[in-house]
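Just below is one structure, and these are the notes that go with it.
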Amino acid sequence: MEVRVRFAPSPTGQIHIGNIRTAIFNWLYARHHNGTFLVRVEDTDRERSTQEAIDILFAELKWLDIDYDENLLYQSEQIKRHLTHAETMLANNHAYRHAKGEGGEAVLFSIPWDDAGFNTIRNCGQTELPIHTEEPVKISKHGVKFALISRKGKPVPTEVCLAGFKNLKIYDANNQCLFDIKDAIESILDKSKACEIQNGQRLSFTRREVYFKDLIKGELSKPLDSMKDFVIVRGDGSPVFHLANVSDDIEQNITHIIRGDDHIENTYRHTLLFQAINSNIPNFAHIPMIINQQGKPYSKRDGDAFLSELRDAGYLPEAVFNYLTLLGWSPGDDSEKMGRDELVSRFNFERVQRSAAQMDLKKLANLNGQYMAEIPQEVFLQQANEIISSLPWGKNIDSSYLSEVAVLMQSRTKTFNQIEDWAYFFTENLTFDESMVEKQLRKPGIKKAFVDLHEQLLTLEFDLVKIESCILFITESNGIKVGKLNLPLRIALTGSKIGAGIFEIIFVLGKDTVIKRLNYAIDNLV
RNA sequence: GACCCCAUCGUCUAGUCAGGCCUAGGACACUGGGUUUUCAUCCCAGCAACACGGGUUCGAAUCCCGUUGGGGUCACCA
């Protein structure tokens, strides 16, 4: 069977990482099966959908190199067909018009009383439900209203669909049958007659449930007596998500619906909709959510929840793509760093996790570092150049000097935004960590060593080997243990305790700069 | 509240469907050591988990029941 999947985001702002992972899983599945990956823009929420958001969406897809097939489908242009499908259901008696609350007469989908034509509904036995005696039971084609009993014995008003109560009988406290639906069903259904029964104490009915087999979670089911008929066309004549979504999936011949597991409840309803429109039901795969550091769903305050933030933080698209596939999926062995082709060939639903996953930025950074290390030198240089020229200290930089710095720093750069930390190569505006200065510079012997070094450097021929032996000489002649002058020197010259090798740094900075900074340190720091 | 779903190191996960190969493996992070006379890298070692309680079984992370915890959904939003 040909595989046809779709990514169907609502363009209402930034792209969330959970969202883009859904796109990735869809894309991977399609490519794995040589199938078709479609993008559908679900822009029916005219209030919140914006062109800007649509532009962001495609920019992000492009950044991650996720290509799509065939033409885009804009949901807002499909309204006519959506409404035709609503008409079909109205004609089949699978939907009815009803003024439910304000907003005029809407079209509601009727959870089917009659299973004919519905393969995803099954009986699951006789059930009893205790109800609050003081509240009447109201039965109409629009649903059944009654009151459950809270733990404290209070009535809890409930309204669910009629279809949940096949073979309903209502008994009072004396076990007397007050109502049998088989006597009333015809007039309820055909003449829209409503019944009201007082003093009921329990409901007795055949429970039915809607079920489907999820490719990730296995068989999922939900009793009809916990569902309600739902609006598919608003009072103003516009289609609701459920209708539009299903109608478009039919139109696009979608074979596998891969979406977040927050849609599971919708899927119970959607399977019914597919059948009411006389269409085949696609396969479903519900992937788990991504949650924040606190283990909660991401909210606006969390940060790093948008793909753009990851990009702005300097992560590579390859690394982000790779990392996101590993959130909620694993290849089954210990492979982690995997390229596109390998991911495409290994991806499957069997190995998708059933529970939510947390982002671990440190792991992403580590993976990103592995990708960074593989970037060819000239590509790295070009990227670095772009980033540096956008930084405040990055104007008018000598390109051969930049090249020297970049070569030196590539192996210790895990994300491109760390290039900001290269400032000490380009500006005399160093920032010193006071506690590091105190700890490393203001200790006995350092000042004298610096002064000696300063004097030596003035006349030193400036190459790597000579710099190294000069520093070694100063270290030893000052009675400092080998290597122990390096960190103080690093702090004095760069302000930082980490970075490239100190001898290389000194060489790249050049004699004038080093002497200038050493002077400053001798006068102000040590 | 009702319904649905989920549950292995701090985190991502392997092992669960087909019970024994699990003294529960890997990765990130963390800690210690080594290499680099410095930083990063790299190498080695360590720390660290089957949510809890019952059952079935010769044997349970794995199967069953219950409990707890977490999440989702209950809109004329998508």
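Using my numbering, you'd call the opening residue of the first sequence number 1091 and step up by one each time. Beta carbons: idealized from backbone N, C-alpha and C, even for Gly. Treat the numbers as computed from the prediction; the structure is a model and nothing was measured.
Which of the three DSSP states is assigned to residue i in this structure?
| i | result |
| --- | --- |
| W1512 | helix |
| N1116 | helix |
| C1267 | strand |
| V1604 | helix |
| K1283 | coil |
| G1254 | helix |
| Q1384 | coil |
| W1084 | The structure shown does not extend to residue 1084, since the chain is modelled only from 1091 through 1616, so no value can be given for it. |
| R1441 | coil |
| G1429 | coil |
| P1618 | Any answer about residue 1618 is impossible in this case: the structure gives the chain only from 1091 up to 1616. |
| G1215 | strand |
| E1309 | strand |
| Y1610 | helix |
| V1616 | coil |
| H1188 | strand |
| R1136 | coil |
| K1259 | strand |
| Q1530 | helix |
| A1446 | coil |
With a cut-off of 8 Å on the beta carbons, I'd call residue i and residue j a contact; round off their distance for me.
| i | j | result |
| --- | --- | --- |
| H1122 | S1337 | That belief does not hold up - the Cβ atoms of H1122 and S1337 are roughly 27 Å apart, past 8 Å. |
| A1582 | T1505 | That belief does not hold up - the Cβ atoms of A1582 and T1505 are roughly 27 Å apart, past 8 Å. |
| E1218 | G1233 | Their Cβ separation, rounded to whole angstroms, is 20 Å, which puts E1218 and G1233 out of contact at 8 Å. |
| F1411 | I1105 | The pair is not a contact, with the Cβ atoms about 13 Å apart (cut-off 8 Å). |
| I1377 | V1442 | 6 Å |
| P1245 | E1225 | 5 Å |
| F1374 | D1326 | Between D1326 and F1374 the Cβ distance is about 31 Å, and since that is not below 8 Å, they are no contact. |
Output the boundary residues of the beta strand (DSSP E) element that contains residue i.
| i | result |
| --- | --- |
| I1487 | Per DSSP, I1487 belongs to no beta strand (DSSP E) and is neither H nor E. |
| P1247 | P1245 to V1250 |
| E1566 | Unbroken run through E1566 is the alpha helix (DSSP H), L1554 to S1567; no beta strand (DSSP E). |
| G1350 | H1346 to G1350 |
| E1299 | R1292 to D1304 |
| A1474 | A1474 -> not in any beta strand (DSSP E); alpha helix (DSSP H) instead, spanning Q1467 to S1479. |
| Y1158 | That residue, Y1158, is in no beta strand (DSSP E); it is neither H nor E in DSSP. |
| V1230 | Per the sequence shown, the amino acid found at residue 1230 is Ser instead of Val. Taken as a continuous stretch (DSSP letters only), the beta strand (DSSP E) holding S1230 covers V1227 to S1230. |
| T1126 | T1126 to V1131 |
| N1373 | N1373 to I1377 |
| R1401 | Counting along the chain, R1401 falls outside any beta strand (DSSP E), though it belongs to the alpha helix (DSSP H) covering L1397 to D1402. |
| H1106 | That residue, H1106, is in no beta strand (DSSP E); it is neither H nor E in DSSP. |
| I1322 | F1320 to V1323 |
| A1196 | A1196 to F1199 |
| V1095 | R1094 to F1097 |
Taking the beta carbon of residue i as the centre, do at least 16 other beta carbons fall within 10 Å, making it buried, or is it exposed?
| i | result |
| --- | --- |
| I1588 | exposed |
| M1449 | buried |
| S1139 | buried |
| T1174 | exposed |
| V1555 | exposed |
| P1534 | exposed |
| C1214 | exposed |
| S1200 | buried |
| C1267 | exposed |
| N1458 | buried |
| P1247 | exposed |
| P1101 | buried |
| G1108 | buried |
| T1415 | buried |
| N1116 | buried |
| D1351 | buried |
| F1563 | exposed |
In the DSSP assignment, the alpha helix (DSSP H) including residue i goes from what residue to what residue?
| i | result |
| --- | --- |
| E1545 | I1536 to T1549 |
| L1238 | Run containing L1238: none in the alpha helix (DSSP H); it sits in the beta strand (DSSP E), G1233 to I1239. |
| N1335 | F1331 to E1341 |
| K1459 | According to the sequence provided, residue 1459 is Gly. The question's Lys does not apply to it. It spans L1451 to A1463 - the alpha helix (DSSP H) in which G1459 sits, taken as one unbroken run. |
| K1170 | I1169 to A1181 |
| I1596 | I1592 to L1599 |
| H1360 | I1354 to A1366 |
| V1410 | P1407 to L1416 |
Three or more C-beta pairs below 8 Å linking the stretch 1177 to 1187 and the stretch 1296 to 1316: no
Touch test, the stretch 1202 to 1220 against the stretch 1358 to 1367, Cβ-Cβ under 8 Å, three pairs minimum: yes
Inter-stretch contact at 8 Å, needing at least 3 Cβ pairs: the stretch 1368 to 1388 / the stretch 1130 to 1137: no
Cβ contact check for the stretch 1593 to 1604 and the stretch 1540 to 1559: 3 or more pairs under 8 Å: With contact defined as three or more Cβ pairs closer than 8 Å, the stretch 1593 to 1604 and the stretch 1540 to 1559 are in contact.
Meets three-Cβ-pair contact criterion under 8 Å: the stretch 1092 to 1104 and the stretch 1323 to 1343: yes
Segment contact flag, the stretch 1487 to 1496 with the stretch 1458 to 1478, C-beta cutoff 8 Å, min 3 pairs: Contact between the stretch 1487 to 1496 and the stretch 1458 to 1478 is present, because at least three Cβ pairs lie under 8 Å.
Stretch pair the stretch 1280 to 1292 + the stretch 1313 to 1324: three plus CB contacts closer than 8 Å: no
Segment contact flag, the stretch 1519 to 1526 with the stretch 1569 to 1586, C-beta cutoff 8 Å, min 3 pairs: yes
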